[in-house]
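Enquirer: Residues 17 to 149, numbered by the working numbering, are exactly what the sequence shown covers, in order.
Have a look at this one before I ask anything.
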Amino acid sequence: MFYYSRSGDMAAAWELVGQSIGIMHIRREGDITPAYRIYGNGSRTSLPHRPRGTVYFDEWSRPDFVAVCGQFPAWGKLFDAVRLDYWKYLRELGIAPSDDAPHVKSDAAASAHGEEVPKGIAPQDQRGAEMMA
């Protein structure tokens with residue numbers, strides 16, 4: 017099943033791969049950068065007939081969500097929206113805690129308390145965790 021998340025002029029198409037986020041593509045409206053695809057081996061191919069401002073990812077090997085976040089730090093608000101939607105959909109599927117569950121902590125906050133947080137799916141800050149509950 018495919019999902020779409022938005023934040024301002026940015027959008028992402030993603031899917032659940034097991035219980036992980038598989039990013040299909042990200043797009044920034046108004047960006048004039050030619051579209052391209054990034055493959056699992058890091059190579060890139062220009063896609064001149066696709067919408068400008070779009071980055072497509074290898075459909076045979078979706079990249080790790082954390083790696084995509086690290087590779088595109090300017091897209092952080094979009095990735096926060098993806099995380100929030102991810103948890104919303106997991107709750108709807110019945111495989112994540114309900115809204116009554118304790119707040120999900122950020123990676124840094126959980127690490128400081130010796131807790132383990134699944135990689136790439138926790139919100140980046142406590143404000144995001146409060147929004148999820």
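All C-beta atoms in this analysis are idealised placements derived from N, C-alpha and C, irrespective of residue type, glycine included.
Keep in mind that this is a model prediction, so the values were computed, not measured.
1. With three or more C-beta pairs closer than 8 Å as the rule, is the region 99-114 touching the region 63-75?
2. Could you tell me which of Gly-92, Glu-108, Ile-111 and Gly-110 sits nearest to Gly-24, measuring between CA atoms?
3. Throw me the rounded Cβ distance for the Met-26 and Arg-43 pair, which I believe falls under 8 Å.
4. Below 7 Å CB to CB, which residues in the same chain sit around Ala-29 once its five sequence neighbours on both sides are set aside?
5. Applying the criterion that 16 or more other CB atoms from any shown protein chain within 10 Å of the CB defines a buried residue, is Ala-97 buried or exposed?
6. Per DSSP, what kind of secondary structure is Gly-86 in: helix, strand or coil?
7. What does DSSP give as the partner residue(s) for Arg-43 in the beta ladder?
8. Just reading off the beta strand (DSSP E) that Arg-78 is part of, what are its end residues?
9. Among Glu-108, Arg-53 and Pro-89, which residue has its Cα nearest to the Cα of His-65?
10. Pick from Leu-32, Ser-59 and Ile-37: whose alpha carbon is nearest that of Phe-95?
11. At the level of alpha carbons, what is the spacing between Gly-86 and Arg-99?
12. Does the distance from the CB of Arg-49 to the CB of Arg-68 come in under 8 Å?
13. Can you check DSSP and say which residues form a bridge with Val-33?
14. Roughly how many angstroms lie between the CA atoms of Ser-77 and Phe-88, to the nearest whole one?
Expert: Walking through what the data contain:
1. Contact between the region 63-75 and the region 99-114 is absent, because fewer than three Cβ pairs lie under 8 Å.
2. Checking every option, the nearest Cα to that of Gly-24 belongs to Gly-92.
3. Correct: roughly 7 Å between the Cβ atoms.
4. Taking Ala-29 as the centre and dropping the five residues before and after it, the same chain places the C-beta of Phe-18, Tyr-20, Met-40 and His-41 closer than 7 Å to its C-beta, in chain order.
5. So Ala-97 ends up on the buried side.
6. Residue state for Gly-86 is assigned as helix, using DSSP reduced to three classes.
7. According to DSSP, Arg-43 bridges with Ala-27 and Thr-70.
8. Per DSSP, Arg-78 belongs to no beta strand (DSSP E) and is neither H nor E.
9. Residue Arg-53 is the option with its Cα nearest to His-65.
10. In terms of Cα proximity to Phe-95, the closest of Leu-32, Ser-59 and Ile-37 is Ile-37.
11. Gly-86 and Arg-99 have their alpha carbons spaced roughly 14 Å apart.
12. As written in the sequence, residue 49 is Thr, which differs from the Arg given in the question. Yes, these two residues count as a Cβ contact at 8 Å.
13. Paired residue(s): Ser-36.
14. Near 18 Å, if we compare the C-alpha coordinates of Phe-88 and Ser-77.
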